[in-house]
Each structure stands twice: as C-alpha cells, then as structure tokens.
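What follows is a short report on a single structure.
In the numbering used here, the protein residues as written are 146 to 564.
Here it is, written out as structure tokens:
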C-alpha cells in the first residue's frame, strides 16, 4: 500500500496540473514546493521518535511523499517561468523517486512483516540481534535500508541527488519570493536526507544488531522460500535502479514529453554508465565507478589488515568499561536513539510519560509520542464527520416504503432544479 497506492495521488496531481489546468502559475508551484518540504521534514522528524517499526516506516512514507511533492512544486515553478532544461530535470528526479520509493519501501515493509511473523512483536524496544536467527531478512533489509537512506550506489541516492542538482543549478527566478525559496528548499532537502539516514540507522540497528532484548527472540526463524523470493526481487530492483540510472531516465523521457513537451535530453556524458545533469563540468555521477572504488577499497583494506595482523586477531566481546554484569537491557534503545530529535522538536510532539515511583517493586517506564497536528486539525474534522454520519444514519429506517419516499423526494428536487 505504501509503495504503490500512494503514487495514485501523485499521478492525479500531475494529470490535473499539466493536462487539465493548462499553463501553471508560479505561486502554485511555490506553494506546492513549500508544502512538500514541510511534509518531508514533518515525516522524518516524527519517524525519528517512533518505537513501533511499522509506524516508523509509515512516517518515513510521509517524508518521501513530501520529497516527491517538493519536486512537483519545483517542476511547476520552472515550467511557469519557461525554464525548459530545469523543469525536465526536476520532473525526471520526481518520477525516479516515485519508482525508487515503490521498491525500497515495499522491501522494508515486507521485511518488517517477516520480523513480525517470526517474533510476534513490532515494538523496537523488545527486538534486537535478529541478524543471527534471520540472516536472509536482515541482509535483504539492509539493502532497503541503505537505499532509503540515500546512500550510493543504490537507487535512493540517484533520485535525491538529481533533485538536489535541480535545486542547486537553478538560475535566477524572476519572482523574489521563489528565488529565495529554492535555496532554502535545497537546505531543507539536505536536512531531510541527513535525518532519514539517522532514522534508518535506528531502524536497522535496533532490530537486527546488538543482543536479543527478549529471550523468546531466540526462537525466531528465517523467512521461507516464497518470502525470500519476494524480498530478493525487490532488493535486486533497488540495486539495478541504482546502477543504471541513465537507462531508467531514458524510459521516463516519454513522460516528460507528454506532460511538459520538453525532452529530457542526454544526461549521460559518457554513455550509459555516467550521469551528468545539465553539464558534466558542474556535476556528474557514475554508480559503476563508485561501486568499483568501494569494492577495491574494501578488498585492499581487508587483505591489508589480515596481512599485518595475521595470527594476532581474535574475537572478543566489546569493551564494557570494566563492568562485568552486562545485560541486553543496557543497549541503546529506540527511545534513547530518538531522544536528541525529541528534545529539539519537543514543541511539535504531544508526549505522555509514565515514570515509576522509587518505591515501586516492579518499575515500568513508558512514553507515548503523539502528533499535535492530529489533535489540532484532523481529530476535530473526524469528529464532525462522525456526528454527521450519525445524523444521516437516522434515515436508515429499514423499511422499503421509507426508501421509496426518499427516491420520490429526490426525483422531485431534481426536476425542480432542472426545470
């Protein structure tokens, strides 16, 4: 649902904006851009303080859809000012991110589903160390985690990098407000990407690394063959979309032509393996070269360490500062990991804490972080809809005669309106 169904709204916005409304206005693009950036920051900040793994991914989806709408706003802004190369680049980056999100978010939700099925637990505070009993899920989830964090050479990096280039390469825009908003948008996008990496370190580290926080986690079993196949093809998609960006952009070129009437052009300055938006002198990216460099550095470092320390290496427990009574409860928790973000953005949260008494024989500390916007904006609207539905529900008499009367009255009203 998060990976696919959210894209239907994006499809509708693009169709309405460029097919039905005609020439877009610059202020509409600026408004969509500002709203998208706010949504992205809102989603990633709330994802950072979640202790439920599925709620964390749900707020991460809000962040990614915010990035997509920021890209749509940038496309509208550029297209309204007839900045042909830049609107095509922004639209390509936006569509690329939609495609990427469908792969890495589906992969992560399926991985968390496997964890939930194996452990019957979705609270991050009760998980940990699952890389040992569930290696397939852990390693495939790592690919999705690196992709959603925007790390090269996976697909998440390509779309975010292209969108950032569209922000940074923007020439002067005639409208002063929009001219000021674009560099602020670049900074907000960079902050969002950094916080997304922070969130994904928390997500993966707390679930799969460290020690098992509950003894029953040792009974967890890895996913079956069918689950493994579903995870494998999504992980392969994350890798392929990251290694062949020019091929993907060529496939998206017809969408640019249909919506903007502007071809994407040749973004590969040296064939299919190198990406160079606008100008290769200003910025370029080659995932193949990057991957080759990473593999080379890892191999040289590994064999260098083995050669230097051959025969003198041993496995040992991490240094515990001389304290001999370490327990899994002493590990960093999801709440502790999110504490800096929770402290900085505390006015935006509605926090409920349960602090135990010093004399409590079974002390228990709990904290619930809720969304102030829900209670200030959405909850009143939901209450109004609920009350209106209750009033309308009184019309359901359960009698055919009453329903025939409703049809007759509706027909009379329509005839009065038409005649």
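Don't be surprised by glycine CBs; every beta carbon is placed ideally from N, CA and C.
Residue range of the unbroken alpha helix (DSSP H) whose run includes residue i
| i | result |
| --- | --- |
| residue 497 | First-last for residue 497: 494-499, but that is the beta strand (DSSP E), not the alpha helix (DSSP H). |
| residue 484 | 484-489 |
| residue 367 | Counting along the chain, residue 367 falls outside any alpha helix (DSSP H), and DSSP gives it neither H nor E. |
| residue 398 | 390-404 |
| residue 281 | 280-293 |
| residue 211 | 198-225 |
| residue 259 | 229-264 |
| residue 275 | Element bounds for residue 275: n/a, residue is neither H nor E. |
| residue 524 | 524-538 |
| residue 188 | 171-193 |
Environment of residue i [buried if 16+ CB atoms lie within 10 Å]
| i | result |
| --- | --- |
| residue 413 | Note that residue 413 has pLDDT 48, beneath the 50 cutoff, so the model's placement of it is unreliable and the number below is only indicative. When all chains shown are included, residue 413 counts as buried. |
| residue 431 | buried |
| residue 264 | buried |
| residue 323 | buried |
| residue 242 | buried |
| residue 245 | buried |
| residue 549 | exposed |
| residue 279 | buried |
| residue 198 | buried |
| residue 541 | exposed |
| residue 552 | exposed |
Contact under 7 Å by Cβ, residue i with residue j
| i | j | result |
| --- | --- | --- |
| residue 192 | residue 407 | no |
| residue 386 | residue 393 | yes |
| residue 330 | residue 312 | yes |
| residue 368 | residue 259 | yes |
| residue 196 | residue 479 | yes |
| residue 167 | residue 274 | no |
| residue 216 | residue 308 | yes |
| residue 315 | residue 327 | yes |
| residue 301 | residue 295 | yes |
| residue 233 | residue 401 | yes |
| residue 223 | residue 235 | yes |
| residue 513 | residue 524 | no |
| residue 157 | residue 221 | no |
| residue 460 | residue 495 | no |
| residue 471 | residue 465 | yes |
Cutoff 7 Å; reference residue i; Cβ partners in own chain excluding five residues on either side
| i | result |
| --- | --- |
| residue 214 | 177, 180, 181 and 184 |
| residue 226 | 171, 318 and 319 |
| residue 438 | none |
| residue 396 | none |
| residue 155 | 213 and 243 |
Start and end residues, beta strand (DSSP E) containing residue i
| i | result |
| --- | --- |
| residue 512 | 511-516 |
Contacts around residue i, its chain only, beta-carbon distance under 6 Å, and the 5 residues preceding and following it disregarded
| i | result |
| --- | --- |
| residue 148 | 247, 250 and 251 |
| residue 299 | 291, 292, 383 and 387 |
| residue 511 | 499 |
| residue 271 | 358 and 359 |
| residue 557 | none |
| residue 261 | 267 |
Nonlocal neighbours in the same chain, by C-beta distance under 8 Å from residue i, ignoring five residues either side
| i | result |
| --- | --- |
| residue 188 | 204, 205, 206, 207, 208, 209, 210 and 211 |
| residue 255 | 372, 375, 376 and 379 |
| residue 363 | 278 and 357 |
Chain B contact for residue i (CB, 7 Å cutoff)
| i | result |
| --- | --- |
| residue 178 | Within the model displayed, chain B is absent; a lone protein chain is all it includes. |
heavy atom of the ligand SAM below 6 Å from residue i C-beta
| i | result |
| --- | --- |
| residue 518 | What this structure holds is no ligand at all, so the ligand SAM is not there to describe. |
Enumerated in chain order, which unbroken segments of the beta strand (DSSP E) with a length of 3 residues or greater are wholly contained in the segment 413-466? 414-417
What beta strand (DSSP E) runs, 3 residues minimum, are completely inside the segment 309-366? none
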